[in-house]
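*Asks:*
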Amino acid sequence: MKRKEDYPLVLTVTDIMEILGIGKRVAYALMDQNDFPTVRIGKLKRVNRDAFFEWIEKQGQVS
16 MKRKEDYPLV LTVTDIMEIL GIGKRVAYAL MDQNDFPTVR IGKLKRVNRD AFFEWIEKQG
76 QVS
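Sequence positions in the sequence shown follow the working numbering and run 16 to 78.
1) Tell me the rounded alpha-carbon separation between Arg40 and Asn49.
2) Which whole-angstrom value is the C-beta distance of Met46 and Val28, which I expect to be below 8 Å?
3) Phe51: which of Met16, Trp70, Gln76 sits nearest, CA to CA?
4) Going along the chain, which residues of its own chain have a beta-carbon closer than 6 Å to the beta-carbon of Arg18, five neighbours each way excluded?
5) Alpha carbons only, please: which of Tyr22, Asp21, Asp30 is nearest the one belonging to Lys60?
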């Protein structure tokens with residue numbers, strides 16, 4: 016299992032799929048959510064690694 020530091024500083028949809036164990040369609044849907052830390056570069060969608068792992072931690076705190 017990879018550690019957070021093993022991933023690049025900027026994650027792609029493929030990285031998100033691997034980390035969360037989800038498919039491409041679900042990963043893109045997740046990246047379209049308002050609270051998800053997506054960075055749009057033209058048509059590309061990327062995610063800052065640290066912001067992504069902070070987002071994951073916050074999801075565990077929501078009840």
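Just so you know, even glycine gets a beta-carbon here, dropped at the ideal spot from N, CA and C.
*Replies:* Taking the geometry as given:
1) On the sequence shown, position 25 is the one that residue 40 refers to. On the sequence shown, position 34 is the one that residue 49 refers to. Spanning the two alpha carbons is a distance of roughly 17 Å.
2) If you number the sequence shown from 1, residue 46 lands on position 31. If you number the sequence shown from 1, residue 28 lands on position 13. About 7 Å; that satisfies the 8 Å criterion.
3) Position 36 of the sequence shown, counted from the start, is the residue given in the question as residue 51. For Phe51, the nearest C-alpha among the options comes from Trp70.
4) Translated into the one-based positions of the sequence shown, residue 18 becomes position 3. Once the five neighbours on either side are set aside, Arg18 has no close Cβ partner at all.
5) Indexing the sequence shown from 1 puts residue 60 at position 45. For Lys60, the nearest C-alpha among the options comes from Asp30.
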